Every structure is written in C-alpha cells, then in structure tokens.
Amino acid sequence: MDLLTTPQAAQYLNVPEGTLRYWRVCGTGPAAVKLGKRVMYRREALAEFVDSHERHEEAGR
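For what it's worth, our numbering labels the leading residue of the sequence shown as 300, then goes sequentially.
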C-alpha cells in the first residue's frame, strides 16, 4: 500500500493543498485515510479519482 501525505497527493494531482482539503471536507475528492492526526491518500485512490474525472471530447468540437 502506497500512502501519500496531503502535500504529496496535491503534487500528484497538480492542485493546491487547499483544494484537496476542500474536496475532502465536501466529500467530492479522492478517498482519504486518517491515521491519527494525519490525512493520507492511497496512490491507487488518486489514480481512480483522476480516471473518474476523465473527459472524452467528441471530434470536431
């Protein structure tokens, strides 16, 4: 299991740490794991989050 800290996860997703925290509070971001006071993210959960938001543009648009 590959766990990333919030700064590492934000870098992986190329978003500010604040955005990642906001998504977590709103329940719209990738699944997080809380270990004590630390919030961690599984690399697989981040990849699934990216895949679930992939858009396929139609040709000619």
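By construction, the Cβ of each residue, glycine as well, lies at the ideal position given by its N, Cα and C atoms. This structure is a prediction, so every number in the text was calculated from the model and none was measured.
Can you tell me whether DSSP reads residue i as helix, strand or coil?
i, result
"ARG337", "strand"
In terms of residues, what are the limits of the alpha helix (DSSP H) holding residue i?
i, result
"THR318", "316-325"
"PRO306", "305-312"
"GLU343", "342-351"
I believe residue i touches residue j by the beta-carbon criterion, under 8 angstroms. Please report the beta-carbon distance rounded to the nearest angstrom.
i, j, result
"ARG354", "LEU303", "So it is not a contact: roughly 24 angstroms between Cβ atoms."
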